[in-house]
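Q:
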Amino acid sequence: MMNRTKWLFLCLSLLVIGSLVLAVVFARDWQQADGGNIGVITLTGPIAESVGGSLQPDSITPAKVRKLLQLAEEDTNISAVVLRVNSPGGSVGASQEIGSLISNFPRPVVVSMADMATSGGLYISVFADHIVAQEGTITGSIGVILSHMYLGELFEKLGITAEILTAGKYKGIFSERLNPERREILQVFLDDLHSQFIEAVAAGRKVDAERVREIATGEVFTGAQAQILGLVDSLGGLDTAIEEAAELAGVADPVPVDIILPPVPWWEELGGFPSAVLDRLTLALLGKDALILQQQLEKHLMPRW
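Just so we're aligned, residue 124 is where the sequence shown starts under the working numbering, counting upward by one.
#1: Taking His317 as the reference, give the member of Glu172, Ala195, Leu166, Gln219 with the closest Cα.
#2: DSSP three-state label for Met425, please.
#3: Identify every run of the alpha helix (DSSP H) within the region 304–381, keeping only runs that are complete inside it and at least 4 residues long; order them along the chain.
#4: Could you say which of Ala186, Ser182, Gly168, Ala203 lies nearest to Val380 if we only look at CA atoms?
#5: Between which two residues does the beta strand (DSSP E) carrying Ala290 extend?
#6: Rounded to whole angstroms, what's the CA-CA distance from Ile338 to Ala326? Just pull it up for me.
#7: Nearest to Ile254 by CA position, among Ser223, Val378, Leu361, Asp315, is which residue?
#8: To the nearest angstrom, how far is the alpha carbon of Asp238 from that of Thr199?
#9: Check whether the region 343–354 and the region 207–223 touch, using three or more Cβ-Cβ pairs below 8 angstroms as the test.
#10: In angstroms with no decimal places, state the Cα-to-Cα distance between Ala256 and Gly263.
#11: Tell me whether Val255 sits in a helix, a strand or coil according to DSSP, three-state version.
#12: Have a look at Val163 and Val233 and give me their C-alpha separation to the nearest angstrom.
#13: In angstroms, rounded to a whole number, what distance separates the CA positions of Gly282 and His271?
#14: Grouping DSSP H, G and I as helix and E and B as strand, with all else coil, what is Ile265?
#15: Any chance the CB of Ala347 is under 7 angstroms from a heavy atom of the ligand GDP?
#16: Let me know the beta strand (DSSP E) ranges lying completely inside the region 167–249, each 3 residues or longer, listed in chain order.
#17: Out of Glu196, Glu258, Leu371, Asp356, state which residue places its alpha-carbon closest to the alpha-carbon of Phe228.
#18: Starting from the C-beta of Arg328, find all residues in its chain whose C-beta is less than 7 angstroms away, skip the five residues before and the five after it, and write them out in chain order.
#19: Ignore the nearest five residues each way along the sequence and tell me which others in Gly266's own chain have a CB closer than 6 angstroms to its CB.
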């Protein structure tokens, strides 16, 4: 009798455990099929091709955005993505690459503008399906800037002689003092980049290019002004953007999920070790102003949105 009771208890226990396991499995499958999550990706800082130096560690790079969007795409429970953009803009090429990544994402994308989404920050935003901004968000600044530094006289005062050899009439255009001819060449170059910006905004916002050109003076706008101009769809914060993303994806009860990159292994961080050491040495020996000047010189050849 005792053995029979033990066997009965064992069978009931196995039945209960099996039922629990099946319930967990089916619950997981149901959750993935439901797709009720809205992925939230935070993009903060200037837009650059690579991560900034010690004074500017946070930046938005194509590599970072690519990895974050890939994580969102691989998660079958994420039906749409909200990009929380807080950026003053930056590299032209990096902005265009990020714009392509957003445009090619297979699920709805909504941008939530934070404090600022100007220039390149606006550029990458127009590739989303919907843009939400606060009334006081700073956006706009549809323009291009290129800093030209002529340091010949400074070098002379420091006793530094720089000899530059070039092949090609205008190869040294960035290291020589500008004259009317060189200035015109650079202006044509900037005007073409400006037109590319305007055309991207017109296509993304479905606005006539000439209408965009009228406001593409480099002027900044509030979120409220941007909505009137057609640069922003609706006003609100992150919650509003999540609700909009859920509506686009057909999700009744959205659950926001932060998408973040896993920690970078220490051996990968060593890739930027020499640059970080150089920054530290410059900072220690010459001071913060010298380090800022060094970083400005490194990027002054690049046009920026």
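The beta-carbon is built from N, C-alpha and C at its ideal position, and this holds for glycine as well.
A: Well, looking at it:
#1: Gln219
#2: coil
#3: 332–338, 346–352, 361–372
#4: Ala203
#5: Neither: Ala290 is in no beta strand (DSSP E) and is coded neither H nor E.
#6: 15 angstroms
#7: Leu361
#8: 31 angstroms
#9: no
#10: 12 angstroms
#11: strand
#12: 10 angstroms
#13: 22 angstroms
#14: coil
#15: Summarising the ligand content, the structure contains no ligands, and the ligand GDP is consequently not present.
#16: 201–210, 232–241
#17: Glu196
#18: Val249, Gly353, Leu354
#19: Gly341
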